[in-house]
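Down below is the structure, laid out as C-alpha cells.
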Amino acid sequence: MTRNHPRHRSSKRVTIVTGALGLALAVGALAVNATSGEPDRAGADPADKSFFLDINKVPKGSNLSRTQNRGARGTFTVDCGRNENGHFNPDNFIAQPGVRNGAQHLHDYVGNLSTNADSTNRSLAKAGTTCKNGDKSTYYWPVVRIDTDDEEEAPASSEAAAPTEGEDVAADRADAAKDAAAPQVECPDVVSELPDVPDAAMDAVNTELDAMDAQVDQADKQVETGQDADEVLSSLKGKRSASLKKISDTMTAQGVKPEDPAALAGCAVQDPDDAGLDNGGANSDPAAGESATEQKQKQDNGAAAELPGVNDENEVAGNDGEIQRVVSATLSFGSGGARRVVAMPRFLRVLYGDAKEGANGPANARASWTCSGFEDRLTDHYPICPDGSKVERIHAFPNCWDGKNIDSANHRTHIVFSDANGNCKRGFKAVPQLKITLVYNIPHDVQVKGQYKVDAFPEEKHNPRSDHDDFANVMTQSQMNRVVTCINTGKRCNE
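In mature numbering (1 follows the signal peptide of the UniProt record, and there is no 0), the protein residues as written are -31 to -1, 1 to 464.
Following this line, the structure appears as C-alpha cells:
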C-alpha cells in the first residue's frame, strides 16, 4: 500500500496525555508526555464502522442544493495548490482566536502562508500565499488520515512528513502578536458597495481600488510609527476621496452611477486593546466565563505549552494515523443561485459545517462526502467508492452576508445560506459562494475496512458529520472585483 505519511509508531513514542486534566481542558489545549516501553495508548482510534456507506446506496440527487443550476452561471477558480509546503497546525484563529491548539485536531492549509492561532487581519495581509494569483485568503480544513492500527514503522516517501513547527512558524506567531498590539487603520470596504462595473471601466476602477489599498497600508505604517492619528486620517480621507471620485466618474461615463461614494472616504484607527469576537467556548472546553484572551494568557504563562506532538508525530488528542495529502484542492466561487452577487468585504470570516455536530446537533452540519464520478449525490457517511473512484469532500459555504459585519459572536449569524431558490433573507446580500472540492487517493481496501477518518474533536469520535471548513477573505478589492464580474457575466475564470 502506498502511504502518504509514515505513522512514526515504535516502542518509544510521544503520546498525547491530559496531565492536570481540568487545567488542560480549561485552556482548550493538551500537554504532551514522552513514554518508554509499551505506550499507554498503543491502539488505534478508528472511526466506527457504521460511519461507512457504499456510495452506490446513496440515491442520485441526495443532499444536493437546488441552487446549483440557478442564478448567474459564471465561476472564478483560484489555484492555491494542495499544501505542498506542509502547512499544518491545530489552531483556529476564527473560532478560537489566540488559543494555540484550540482546534484539538490538525488543519490542512492552502493560501495564506502565516495562518495560526495568533493571526490578525494585518498579519494575514502582510503574509505570503500559495495562490498563483496572489490571493492571500486563508482556506483550511481538518486532515484525513488512514489508521490501520499498524504498529511497524512505515517507510518514508518523497512527500512524507509534514515539516516541524520551527523558526518560520515561531516568527509568524511573533509577527502576528506584534501586529495585534499595534493600532490599525480600518476603512469602509468599497468594492462591496459598487454596482456591477462595466467592462470598459474595469481597468480604471481596479487601478483606483489598488491605490486605495496602498493608501491604507501607508497610513497603517504611519500610525504604527507614532505619527499623529488625526493628521494621518485626514490625509488618507483626502486621497480616498480623490480615488472614489475617479471611480464614480469613470462608471458614470459608462452609464452606471455608484451611490454616494464619498460616504466611504472616512477611516478610523482600531483600538489595539479590542480583543475581538470569540464564540463563547462553542468549539473548546474553557472554564466557565473564561474569554479567549484569558485562555491565551494561561497558555503564555506556561499552563499549556506548545504541542510537541504536532511537531514530530502530528498526532493530536486521539487523532492519529497517516495524514492523506490531497490529490487536488479546487477552490471555486459561484453565484450560489443568486441572479447577481456583490463583493465580499475583505477579512470576512465564513464557516462551513459544524466541528461539534455531536454536541450542537445537526442544524449546521452538512453532508460533504462523495466519490469521483458520483458528484450527483452527497452523503454524511464516509463513502466506500468503486475501484478506480477517489474519495471526495465537497464544501459549499454560506453565501448571504448581512452587509455590515465581517464576523459575529458565533461566526455564523453574519453570513448564512440562501434559500432553496438562491434568495437571501431580507437585509442580506448575495456574495460569491465558495465551494472547496478535496480529492483523496485512499486505497479501496482501506475504504472497505473502514480505516480512514477525518480529524475531529475527541468527543466527536471521527464522526463524518463533524466535517467542516474555514475561510477568511484576504483578497485585494481588485481581486474580489474580478471574482464578482466573472460570476455576474457568466464567465469561467481561472487564476
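The C-beta atom is built at its ideal place from N, Cα and C for all residues, glycine as well. The model shown is predicted, which means the values in this text are computed figures rather than measured ones.
What does a CB cutoff of less than 8 angstroms around residue i pick up in its chain, not counting 5 residues either side in sequence?
i	result
Pro28	Arg346
Val79	Cys49, Gly50, Arg51, Asn52, His56, Thr99, Cys100, Tyr108, Tyr109, Ala298, Leu300
Arg381	Leu320, Asn333, Pro367
Leu(-11)	Legend: pLDDT at Leu(-11) = 28, less than 50; position of this residue unreliable, value from coordinates given subsequently. Closer than 8 angstroms at Cβ, skipping near neighbours: no residue.
Does residue i come within less than 8 angstroms of chain C when only Cβ atoms are used?
i	result
Arg114	Absent from the structure is chain C; it holds one protein chain and no more.
Tell me, please, which residues DSSP counts as bridged to residue i.
i	result
Ile405	Leu300, His364
Pro111	His76
His437	Gly322
Phe57	Asp77
Asn390	Paired residues: none, contrary to the question.
Gln223	Answer is none; Gln223 lacks a bridge partner.
Val238	Val154
Val423	Val113
Going by other Cβ atoms of all chains shown within 10 Å of its Cβ, with 16 needed for buried, is residue i buried or exposed?
i	result
Pro331	exposed
Ser217	buried
Lys190	exposed
Val417	exposed
Pro164	exposed
Ala86	buried
residue 467	Residue 467 lies beyond the residue range present for the chain, which begins at -31 and ends at 464; the question has no answer from this structure.
Gly40	buried
Thr84	buried
Asp388	exposed
Ser19	exposed
Gln196	exposed
Gly459	exposed
Ala183	exposed
By the three-class DSSP mapping on this structure, what secondary structure does residue i have?
i	result
Val295	coil
Thr445	coil
Gln187	helix
Ile24	helix
Cys340	strand
Cys455	helix
Thr36	helix
Asp345	coil
Pro255	Bear in mind that the predicted position of Pro255 carries a pLDDT of just 37, short of 50, making it unreliable; the figure below should be weighed with that in mind. In this structure, Pro255 counts as coil in the three-state DSSP scheme.
Ile353	strand
Ile63	coil
Val385	strand
Pro463	According to the sequence displayed, residue 463 carries Asn and not Pro. Of the three classes helix, strand and coil, the one that applies to Asn463 here is strand, per DSSP.
residue 495	Outside the modelled stretch of the chain, which goes from -31 to 464, sits residue 495, for which no answer is possible.
Glu275	Note on Glu275: pLDDT 35, under 50, position unreliable in the model; no value is reported.
Val310	coil
Asn175	helix
Lys101	coil
Asn374	coil
Give me, in chain order, the residues of the same chain whose beta-carbon lies closer than 7 angstroms to that of residue i; leave out the 5 immediate sequence neighbours on both sides.
i	result
Thr219	Ala170, Ala173, Val174
Arg362	Ser337, Trp338, Leu407, Asp436
Asn457	Ala41, Gly43, Asp165, Arg309, Val310
Ser31	Arg346, Leu347, Thr348
For residue i, which residues in the same chain have their Cβ closer than 6 angstroms to its Cβ, ignoring the five residues on either side in sequence?
i	result
Glu464	Val47, Asn102
Ala188	Val154, Val201, Leu205
Ser301	Thr44, Thr46, Lys404
Phe386	Pro367
Ala312	Val160, Ser161, Met449, Val453
Lys398	Val311, Trp370, Gly372
Ile24	Cys340, Phe343, Pro352, Cys354
Leu317	Ile375, Asn442
residue 465	Beyond the ends of the chain as shown, which are -31 and 464, falls residue 465; an answer cannot be given.
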